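*Asks:* There's a structure below that I have some questions on.
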Amino acid sequence: MAIVELENIRLSYGEQEVLKGVCLRLASSEFAAILGPSGCGKTSLLRIIGGFSDYSGSLRIDGRDVAGQPPHRRNIGIVFQDYALFPHKTVADNIGYGLRMRAMPKADIDKRVRGLVDLLKLQGLEQRYPAHLSGGQRQRVAIARALAIEPKMLLLDEPLSALDKKLREEMQVELRQIQKEVGITTLFVTHDQEEALALADTIVVMNEGRIRQIGSPSDIYLRPADEFVANFIGQSNLFDAEVVDANEKVITARLDGGEVVRIESDRRVARGSRIRFCVRPERFGLSSPSIQVDGANVFDGTVDHAVFLGSSWQLRITTANSRKIKVQTSEGRREGEAVRLSWQPKNGVVLSA
Amino acid sequence: MTVRVTRHLGIRILGGVLIALLVLPIFVLIGVSLNAGVEQAFPPHGLSLRWYQNLANRSGFLAAGQLSLGLAVGSAIISVLTSLSAAVALSRYRFWGRSLVMTLLLSPLIVPEVVIGMGFLITLSAMGVFSSLISLSLLHLVLTLPYTLRVVVAALSGMPPSLEHAAQSLGARPVRAFFEITMPQIGPSLVAAGVFAFVTSFENFTASQFLVWDRTTLPVAIYTSIQTEDDPTAAALSCLIVASVVILIAIWHRFVIKHMFAGK
């Protein structure tokens with residue numbers, strides 16, 4: 001399966017720069033998600049790979065620059081956001097359309113269509129028209145049709161956004177299974193962080209036409225590169241501080257409220273410089289104010305807001321110098337209760353400016 | 001579809017009067033055409049089909065009918081094809097002067113037909129064109145374009161671009177994607193546009209009457225006939241036209257409308 005390389009891809013519509021130099025490399029059989037808010041340029045990137053948009057920079061598929069190659073020669077399967085099923089063709093004819101374009105003998109087309117109907121569990125629907133399918137079935141047909149041409153890679157544009165929550169979760173599992181089974185290099189675009197975390201091997205976080213971070217889902221979540229990623233994926237508490245001391249492993253910093261904390265980080269920061277770091281809400285330990293927690297950073301405060309979410313509690317804690325901290329914990333706390341928050345130096349992540 | 005009938009008497013009466021006003025002249029026309037006497041009289045003096053037979057003696061009507069039919073079919077086809085090309089350009093591409101082109105193509109809708117007819121008359125005679133066939137063909141193309149263009153632009157704008165993109169990503173050349181994917185979707189609209197154009201051309205009187213030099217169209221021929229003759233032949237002809245329209249509409253409903261919604 002194909003290796004896809006994007007180098008310094010740029011795109012402007014008039015004055016507006018949509019993509020500001022995107023570099024990305026997808027390994028063979030990799031399942032990558034481009035995650036970002038609407039208008040970040042993720043769909044433009046997909047259109048460029050599909051051959052539907054101009055760009056500058058270089059786009060190589062299997063080492064060959066595909067500039068100027070029209071969409072119908074690219075052999076890339078695309079699942080569109082609205083599925084784009086042909087309304088006047090049956091499910092079987094939709095799936096077989098790309099094979100017919102390749103002038104494949106009818107018997108072979110039928111055989112491959114049957115295989116895909118089985119793979120996507122569309123049995124019995126072959127002769128239906130798209131208008132008579134449910135949302136989930138339409139999506140399966142769209143995937144089957146894209147896979148039928150045995151494409152070099154698969155592009156999916158917000159593939160699950162039109163489905164309801166329950167169906168979406170089922171399709172996530174299934175999409176992942178199919179991708180593993182077929183082993184196709186896949187790039188899918190989404191604004192839904194849960195979807196990206198659940199599906200992809202690699203997440204590419206984009207904002208305002210630039211890639212902010214590329215990494216595995218756990219990388220992106222546990223070690224966000226900058227403030228945008230920290231805020232966009234999951235929740236986080238941000239702290240501003242001044243570096244008092246730093247070595248290769250540990251940064252000691254004084255928060256603007258006066259508390260001194262230690263953060264494990266291999267970033268090179270100068271003494272006296274300012275840093276911003278984040279701590280995820282579920283990385284805090286809660287204890288009574290008098291208890292000593294070895295090696296941890298501590299904040300004392302009171303619970304001013306507590307919400308029970310079923311599997312956990314969400315608390316808002318105000319510290320002595322009126323800093324508000326979001327905490328997620330398995331133990332309940334009453335509003336107004338005094339608590340000691342502790343967090344380990346390894347759980348603080350220093351962000352790029 | 002549920003039809004709710006109002007119980008208010010006043011509204012019922014008003015509705016009845018309006019329908020009567022629409023239908024009554026046609027009944028009167030039928031009555032007149034069946035006259036056994038020689039006048040355009042209603043109620044008819046005795047029943048007879050002689051004025052229908054008499055149509056055979058009026059070769060002028062036959063020639064006019066052929067011209068009108070030819071003009072209507074021809075301008076419907078050319079107008080739909082022209083609007084299709086124009087609509088592809090207007091709805092897919094942004095180019096300089098785009099809205100000007102659109103406005104110009106739709107302008108015959110707002111210019112009075114008398115003005116259009118006069119304009120054609122003066123321009124064509126200045127150019128030395130005195131063939132009714134050529135001038136009427138041009139005129140009817142201009143008159144029908146606004147209708148067909150509107151219908152076709154609306155149909156194309158309603159097509160998500162992803163459909164053709166999907167076909168292309170599956171290996172269809174852009175032209176093939178257009179003909180295999182987009183055309184079947186907008187086909188019913190093209191037929192509807194063609195019918196609009198046909199009717200607009202076939203019934204046109206005001207602008208056409210300026211250009212009937214060597215040949216004449218049916219509406220103009222009927223008008224001329226009732227000014228010079230007072231027998232019911234023209235009424236018989238009108239009834240035949242009404243009958244063909246009714247048959248056409250019946251066929252339209254039976255086949256086209258049904259076909260339009262197949263697979264939807």
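Residue numbers (our numbering), protein chains in the order written: chain A, 1 to 353; chain B, 1 to 264. Each residue gets a CB set at the ideal place from its N, CA and C atoms; glycine is no exception. All values derive from a computational prediction rather than experimental measurement.
Quick one: what does DSSP say K264/B is sitting in, helix, strand or coil?
*Replies:* Mapped onto the second sequence, residue 264/B falls at position 264. For K264/B, the predicted model reports a pLDDT of 43, less than 50, meaning its position is unreliable and no value from the coordinates is stated.
*Asks:* At 4 residues or longer, and completely inside the region 183 to 259 of chain B: list those alpha helix (DSSP H) runs for me, N to C.
*Replies:* As far as the region 183 to 259 of chain B is concerned, its whole alpha helix (DSSP H) runs of at least 4 residues are 183 to 202, 218 to 228 and 233 to 251.
*Asks:* In terms of residues, what are the limits of the alpha helix (DSSP H) holding D93/A?
*Replies:* Translated into positions along the first sequence, residue 93/A becomes position 93. V91 to M101 is the extent of the alpha helix (DSSP H) around D93/A.
*Asks:* Give me the chain A residues within the contact set of S162/B, using Cβ-Cβ distance strictly less than 7 Å, ordered along the chain.
*Replies:* Position 162 of the second sequence holds residue 162/B. The answer, in chain order, is F80, D82 and A84.
*Asks:* So with CB distances below 7 Å, who are the chain A contacts of G171/B?
*Replies:* Translated into positions along the second sequence, residue 171/B becomes position 171. By Cβ distance, chain A contributes H72, G98, M101, R102 and I149.
*Asks:* Could you give the first and the last residue of the continuous alpha helix (DSSP H) run that contains E15/A?
*Replies:* Within the first sequence, numbered from 1, the residue matching residue 15/A stands at position 15. E15/A -> no alpha helix (DSSP H), and no H or E assigned at all.
*Asks:* Check whether the Cβ atoms of D240/A and D256/A sit closer than 8 Å, and answer yes or no.
*Replies:* Within the first sequence, the letter at position 240 stands for residue 240/A. Within the first sequence, the letter at position 256 stands for residue 256/A. Yes, Cβ-Cβ distance for D240/A and D256/A is below 8 Å.
*Asks:* Checking the sheet assignment: what are the DSSP bridge partners for Q314/A?
*Replies:* Here residue 314/A refers to the residue found at position 314 of the first sequence. Its beta-bridge partners are V307/A and Q328/A.
*Asks:* Mind listing the chain B neighbours of I76/A? Cutoff is C-beta to C-beta under 8 Å, in chain order.
*Replies:* Within the first sequence, residue 76/A is the residue found at index 76, counting from 1. Near I76/A (Cβ distances below 8 Å), the residues of chain B are S169.
*Asks:* Between the beta-carbon of F120/B and the beta-carbon of F202/B, is there less than 8 Å?
*Replies:* Along the second sequence, one-based indexing puts residue 120/B at 120. Along the second sequence, one-based indexing puts residue 202/B at 202. Cβ atoms of F120/B and F202/B: not closer than 8 Å.
*Asks:* Using the Cβ count rule (16 or more neighbours within 10 Å means buried), how would you classify P25/B?
*Replies:* Position 25 of the second sequence, counting from 1, holds the residue named residue 25/B. Exposed: under 16 other Cβ atoms inside 10 Å.
*Asks:* Apply the 10 Å Cβ neighbour rule to N204/B and answer buried if 16 or more other Cβ atoms are within range, or exposed otherwise.
*Replies:* Residue numbering aside, residue 204/B sits at position 204 when the second sequence is read from its first letter. Burial call: buried.
*Asks:* How many Å lie between R340/A and N347/A at the Cα?
*Replies:* Here residue 340/A refers to the residue found at position 340 when the first sequence is read from its first residue. Here residue 347/A refers to the residue found at position 347 when the first sequence is read from its first residue. Rounded to whole angstroms, R340/A to N347/A spans 17 Å at the Cα level.
*Asks:* Would you say G68/A reaches chain B, if we count a Cβ-Cβ gap shorter than 8 Å as a contact?
*Replies:* The sequence position of residue 68/A within the first sequence is 68, counting from 1. Answer no: the Cβ-Cβ gap between G68/A and chain B never drops below 8 Å.
*Asks:* Using beta carbons (cut-off 8 Å, strictly below), is P159/A in contact with chain B?
*Replies:* Translated into the one-based positions of the first sequence, residue 159/A becomes position 159. So, not an interface residue.
*Asks:* DSSP three-state call for M159/B: helix, strand or coil?
*Replies:* Position 159 of the second sequence, counted from the first residue, corresponds to residue 159/B. Note: M159/B maps to coil in three-state DSSP.
*Asks:* Near V153/B, what residues of its chain come up, given a Cβ to Cβ distance below 7 Å and the 5 sequence neighbours on each side ignored?
*Replies:* Sequence index remark: in the second sequence, residue 153/B carries index 153 (1-based). Answer for V153/B: A87, L90 and S91, listed in chain order.
*Asks:* So, is the C-beta of H8/B closer than 8 Å to a C-beta in chain A?
*Replies:* Along the second sequence, read from residue 1 onward, the residue named residue 8/B stands at position 8. No - not a single Cβ of chain A is within 8 Å of the one on H8/B.
*Asks:* Once you ignore the five residues that flank F299/A on each side, which residues in its own chain have a CB closer than 6 Å to its CB?
*Replies:* Here residue 299/A refers to the residue found at position 299 of the first sequence. Hits under 6 Å: T319 and L341.
*Asks:* Determine the direct distance from the alpha carbon of P160/B to that of L116/A, and round the result to whole angstroms.
*Replies:* Here residue 116/A corresponds to residue number 116 of the first sequence, with the count starting at 1. Here residue 160/B corresponds to residue number 160 of the second sequence, with the count starting at 1. In a straight line, the C-alpha of L116/A is about 26 Å away from that of P160/B.
*Asks:* Indicate the three-state DSSP secondary structure (helix, strand or coil) for A32/A in the structure shown.
*Replies:* Locating residue 32/A in the first sequence gives position 32, where the first residue counts as 1. Strand, per DSSP.
*Asks:* Would you identify the three-state DSSP class for G57/A, choosing helix, strand or coil?
*Replies:* Indexing the first sequence from 1 puts residue 57/A at position 57. G57/A: strand per DSSP, three-state reduction.
*Asks:* Taking the alpha carbon of D54/A as the reference point, which residue from P70/A, V293/A and K180/A has its own alpha carbon closest?
*Replies:* Taking the first residue of the first sequence as 1, we reach residue 54/A at position 54. If we check each option's Cα against that of D54/A, P70/A comes out closest.
*Asks:* Along the chain, where does the beta strand (DSSP E) that runs through R340/A open and close?
*Replies:* Within the first sequence, the letter at position 340 stands for residue 340/A. Note, R340/A: beta strand (DSSP E), A338 to W343.
*Asks:* Tell me, please, whether the region 128 to 136 of chain A touches the region 99 to 117 of chain A by the rule of three or more beta-carbon pairs shorter than 8 Å.
*Replies:* no
*Asks:* By a C-beta neighbour count over all protein chains shown, 10 Å radius and 16 as the cutoff for buried, is Q53/B buried or exposed?
*Replies:* As a position in the second sequence, residue 53/B is number 53, starting the count at 1. It counts as exposed.
*Asks:* Compare the Cα-Cα distances from S38/A to each of I48/A, V18/A, Q213/A and T252/A and report the closest residue.
*Replies:* The count along the first sequence starts at 1 and reaches residue 38/A at position 38. If we check each option's Cα against that of S38/A, V18/A comes out closest.
*Asks:* Based on Cα-Cα distance, which residue from N94/A, S288/A and G209/A lies nearest to Q16/A?
*Replies:* Along the first sequence, one-based indexing puts residue 16/A at 16. Of N94/A, S288/A and G209/A, the residue nearest in Cα terms is G209/A.
*Asks:* Is R173/B near the ligand ATP, in the sense that its beta carbon is under 7 Å from a heavy atom of that ligand?
*Replies:* Summarising the ligand content, the structure contains no ligands, and the ligand ATP is consequently not present.
*Asks:* Check S125/B in the structure and name its three-state DSSP category.
*Replies:* Sequence index remark: in the second sequence, residue 125/B carries index 125 (1-based). DSSP places S125/B in helix when its eight states are reduced to three.
*Asks:* Measuring alpha carbon to alpha carbon, tell me which residue in V191/B, I134/B and L163/B is nearest K89/A.
*Replies:* Indexing the first sequence from 1 puts residue 89/A at position 89. It is L163/B whose Cα lies nearest to the Cα of K89/A.
*Asks:* Could you compute how far the alpha carbon of T228/B sits from the alpha carbon of I181/B?
*Replies:* Start at 1 with the first residue of the second sequence, and residue 228/B comes out as number 228. Start at 1 with the first residue of the second sequence, and residue 181/B comes out as number 181. T228/B and I181/B: Cα-Cα distance of roughly 55 Å.
*Asks:* To the nearest angstrom, how far is it from the Cα of G263/B to the Cα of P87/A?
*Replies:* Here the question's residue 263/B lines up with position 263 in the second sequence. Here the question's residue 87/A lines up with position 87 in the first sequence. Confidence at G263/B is low in this model, with a pLDDT of 45, below 50, so the placement of that residue is unreliable and no value is reported for it.
*Asks:* Applying the 10 Å Cβ sphere with the 16-neighbour rule, what's the burial state of D304/A?
*Replies:* Position 304 of the first sequence holds residue 304/A. Exposed, since its Cβ has fewer than 16 Cβ neighbours within 10 Å.
*Asks:* Mind checking the region 177 to 195 of chain B against chain A and listing, in chain order, the residues whose C-beta falls within less than 7 Å of any C-beta there?
*Replies:* I181, P184 and Q185
*Asks:* DSSP beta-bridge partners for L187/A?
*Replies:* The count along the first sequence starts at 1 and reaches residue 187/A at position 187. Bridge partners of L187/A: A32/A and L155/A.
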